[in-house]
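Participant:
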Amino acid sequence: MNVLFLTLGWITDINARGIYTDLLREFIHHGHRCYIVTPKERSTGEPTSVTDFPGGKILGVKTLNIQKTNIVEKGIGMLLLERQYLYAIRKYFANVYFDLILYSTPPITFNQVIESEKKRCGARTYLLLKDIFPQNAVDLGMFSRKGLFYRFFRKKEQKLYQISDYIGCMSPANVQFVLRYNPGVDPRKVEVCPNCVKLEEMEKEVDREQVLGELGIPSEKTIFVYGGNLGKPQGVDFLMEVLEVNERRSNSYFVVIGSGTEYPRLKRWFLDNDLQNSKLLSALPKEQYDNLVRVCDIGLIFLDRRFTIPNYPSRLLSYLESRVPVLLATDRNTDIGMIAVENGYGCWVESGDLEGFFSLVKKLVWNVNLREEMGQRGYQFLKENYTVEKGYEIIMNHFK
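What follows is the structure, encoded as structure tokens:
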């Protein structure tokens with residue numbers, strides 16, 4: 001098959017690890033050709049171009065800056081993105097006929113591209129639903145359900161669900177949410193197709209003292225690590241409360257790694273408070289980050305308690321792959337915590353519950369055997385549920 005993959009993420013190397021590149025390599029492994037369309041932002045100074053790789057092509061489309069930029073340019077850039085993608089596909093892939101069109105949210109603004117290529121090629125379409133917008137923006141107070149922005153994007157969302165032959169959701173709670181709030185969607189085309197990863201064998205043991213020492217992190221304490229985006233969805237205010245309370249503890253240390261809209265505020269807060277029992281790091285190279293997670297003791301996931309949509313952060317995968325137990329502080333509507341607790345690889349508390357959070361911190365700090373057991377259970381759960389082999393099988397079941 002010829003597979004067209006539309007993404008807002010910047011993909012330049014098919015061999016780089018990630019939930020999308022890992023899955024696409026699995027398609028290539030089974031003999032399919034993958035055609036990736038990815039933005040090439042104005043800040044790169046590069047024109048639209050095509051790069052070949054064994055098993056497919058990457059079409060980098062010149063766009064405005066749509067990631068780390070001001071809200072005006074991002075908004076205009078997102079509105080122009082659909083036309084830019086469609087023009088580039090018609091120019092560079094005019095002679096390619098696609099059997100499957102894969103795309104993820106965000107964004108929800110690829111409708112015209114999907115419809116046009118679906119009609120031209122007679123392709124089937126599969127949505128990898130990673131983000132439920134615009135409701136997530138409403139949850140965080142970015143705009144009102146009664147406003148013009150909500151109505152505009154809600155229509156886009158409904159159209160996207162309509163033109164998708166299949167909708168793959170990250171978890172059972174996501175399936176339930178989509179069907180509950182979109183009664184016009186056929187339940188037969190909505191299924192669980194979770195975030196997935198290509199498992200790699202760890203080549204050798206990592207020296208804990210060396211990895212932590214290079215970053216100035218004390219190795220004698222129990223290390224809690226948070227890695228990923230630092231934006232409004234993560235509920236950074238509660239994270240700061242956690243770090244402040246932890247300053248009074250002697251045997252637990254928190255490492256926060258990431259970038260995002262809240263990173264500057266968090267950095268200023270670190271400097272103003274002169275924290276001694278935690279460390280803030282900007283994004284690390286992939287290999288260094290992976291090694292750090294492997295030598296830490298507990299992985300952290302934070303989500304804003306106001307969410308009514310069931311988020312399922314992909315950073316969970318790196319924790320499970322590293323055999324690290326997970327401590328989650330989230331809203332009540334996601335099932336990521338429930339799944340972790342039921343399968344014995346994590347602990348959950350509602351975001352905002354400081355007392356409950358630190359009772360779990362104490363439990364994990366003092367019970368090394370429990371941490372090891374939870375880490376092994378998490379790795380086993382990953383192998384059985386969150387591999388690209390599983391994701392590929394779920395999608396390809398529709399082509400049998």
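Quick note, the sequence shown lines up with residues 1 to 400 if you use UniProt numbering.
Using N, Cα and C, we set each Cβ at its ideal position, and we do this for glycine too.
1. At what residue ranges does the region 65-126 contain a whole run of the alpha helix (DSSP H), taking only runs of 4 or more?
2. Can you tell me which of the three DSSP states Ala340 falls into?
3. Are the beta-carbon atoms of Ser245 and Phe358 separated by less than 8 Å?
4. Specify, as a first and last residue, the run of the beta strand (DSSP E) that Arg33 falls within.
5. Under three-state DSSP, which class holds Ser359?
6. Flag this pair as yes or no: are the beta carbons of Leu316 and Ile336 separated by less than 8 Å?
7. Counting pairs of beta carbons, one from the region 370-383 and one from the region 320-329, are three or more of them closer than 8 Å?
8. Report all residues from its chain with a CB closer than 6 Å to the CB of Ile108; omit the five preceding and five following residues, and keep chain order.
9. Three Cβ pairs or more, each shorter than 8 Å: is that satisfied between the region 32-46 and the region 86-103?
10. Can a CB atom of chain B be found closer than 8 Å to the CB of Ser252?
11. Can you tell me which of Asp274, Ser250, Leu271, Leu230 puts its alpha carbon nearest to the alpha carbon of Thr261?
12. Could you spell out where the beta strand (DSSP E) holding Trp348 opens and where it closes?
13. How big is the Cα-Cα spacing for Thr7 and Asp237?
14. Relative to the alpha-carbon of Val293, which residue among Tyr85, Ala16, Glu205, Ser351 has its alpha-carbon at the smallest distance?
15. Considering only the beta carbon of each residue, do Tyr312 and Thr334 sit closer than 8 Å?
16. Secondary structure at Asn229, three-state DSSP: helix, strand or coil?
17. What is the DSSP secondary structure of Phe143, reduced to helix, strand or coil?
18. How close, in whole Å, do the beta carbons of Lys40 and Thr48 come, if the pair is a contact with beta carbons under 8 Å?
19. So does the region 118-130 actually touch the region 95-105, counting three or more Cβ pairs closer than 8 Å?
20. Counting only runs of 3+ residues fully inside the region 293-334, write out the beta strand (DSSP E) ranges in chain order.
21. Going by the CB atoms, is the gap between Glu26 and Lys198 shorter than 8 Å?
22. With a 10 Å radius around its C-beta and 16 neighbouring C-beta atoms as the bar for buried, classify Gln210 as buried or exposed.
23. Going by DSSP, what residues sit across from Asp52 in a beta bridge?
24. Should Arg42 and Thr12 be called a contact, given that it needs their Cβ atoms to be closer than 8 Å?
25. What are the start and end residues of the alpha helix (DSSP H) that includes Ile163?
26. Helix, strand or coil for Ile257, going by three-state DSSP, please let me know.
27. Beta carbon of Phe149, beta carbon of Pro310: below 8 Å?
Facilitator: Per the coordinate set shown:
1. 71-92, 111-121
2. By 1-based counting over the sequence shown, the position of residue 340 is 340. In this structure, Ala340 counts as helix in the three-state DSSP scheme.
3. Reading the sequence shown from its first residue, position 245 is the one you call residue 245. Reading the sequence shown from its first residue, position 358 is the one you call residue 358. A quick correction: the sequence has Val, not Ser, at residue 245. Yes. Within cutoff.
4. Along the sequence shown, one-based indexing puts residue 33 at 33. It spans 33-41 - the beta strand (DSSP E) in which Arg33 sits, taken as one unbroken run.
5. Reading the sequence shown from its first residue, position 359 is the one you call residue 359. Looking at Ser359 - three-state DSSP - the assignment turns out to be helix.
6. Residue 316 sits at position 316 when you count from the first residue of the sequence shown. Residue 336 sits at position 336 when you count from the first residue of the sequence shown. Yes.
7. yes
8. Locating residue 108 in the sequence shown gives position 108, where the first residue counts as 1. So the qualifying residues of the chain are Phe133, Lys156, Glu157, Leu160.
9. yes
10. In the displayed structure, chain B is absent; only one protein chain is listed.
11. As a first step, residue 261 is located in the sequence shown; it is residue number 261 there, counting from the start. The shortest Cα separation from Thr261 among Asp274, Ser250, Leu271, Leu230 belongs to Leu230.
12. Residue 348 sits at position 348 when you count from the first residue of the sequence shown. Looking at the DSSP string, the run of the beta strand (DSSP E) that includes Trp348 is 346-350.
13. Position 7 of the sequence shown holds residue 7. Position 237 of the sequence shown holds residue 237. Going by the C-alpha atoms only, they are around 30 Å apart.
14. Your numbering for residue 293 matches position 293 in the sequence shown. Closest option to Val293, Cα to Cα, is Glu205.
15. Counted from its first residue, the sequence shown places residue 312 at position 312. Counted from its first residue, the sequence shown places residue 334 at position 334. Cβ distance < 8 Å, so Tyr312 and Thr334 count as in contact.
16. Position 229 of the sequence shown, counted from the start, is the residue given in the question as residue 229. Strand.
17. In the sequence shown, residue 143 corresponds to position 143, counting from 1. Phe143: coil per DSSP, three-state reduction.
18. Position 40 of the sequence shown holds residue 40. Position 48 of the sequence shown holds residue 48. With 8 Å as the limit, Lys40 and Thr48 qualify as a contact, their Cβ atoms being about 7 Å apart.
19. yes
20. Runs of the beta strand (DSSP E) inside the region 293-334: 298-302, 326-330.
21. Numbered from 1 along the sequence shown, position 198 holds the residue referred to as residue 198. Numbered from 1 along the sequence shown, position 26 holds the residue referred to as residue 26. Closer than 8 Å, so yes.
22. Your numbering for residue 210 matches position 210 in the sequence shown. Result: exposed.
23. As a working note, residue 52 is residue 52 in the sequence shown. Answer is Lys57, bridged to Asp52.
24. For the purposes of this step, residue 42 is taken as the residue at position 42 of the sequence shown. For the purposes of this step, residue 12 is taken as the residue at position 12 of the sequence shown. Not closer than 8 Å, so no.
25. Here the question's residue 163 lines up with position 163 in the sequence shown. Taken as a continuous stretch (DSSP letters only), the alpha helix (DSSP H) holding Ile163 covers 148-163.
26. Here residue 257 refers to the residue found at position 257 of the sequence shown. Here Ile257 sits in strand by DSSP.
27. As a working note, residue 149 is residue 149 in the sequence shown. As a working note, residue 310 is residue 310 in the sequence shown. No, the Cβ-Cβ distance between Phe149 and Pro310 is not below 8 Å.
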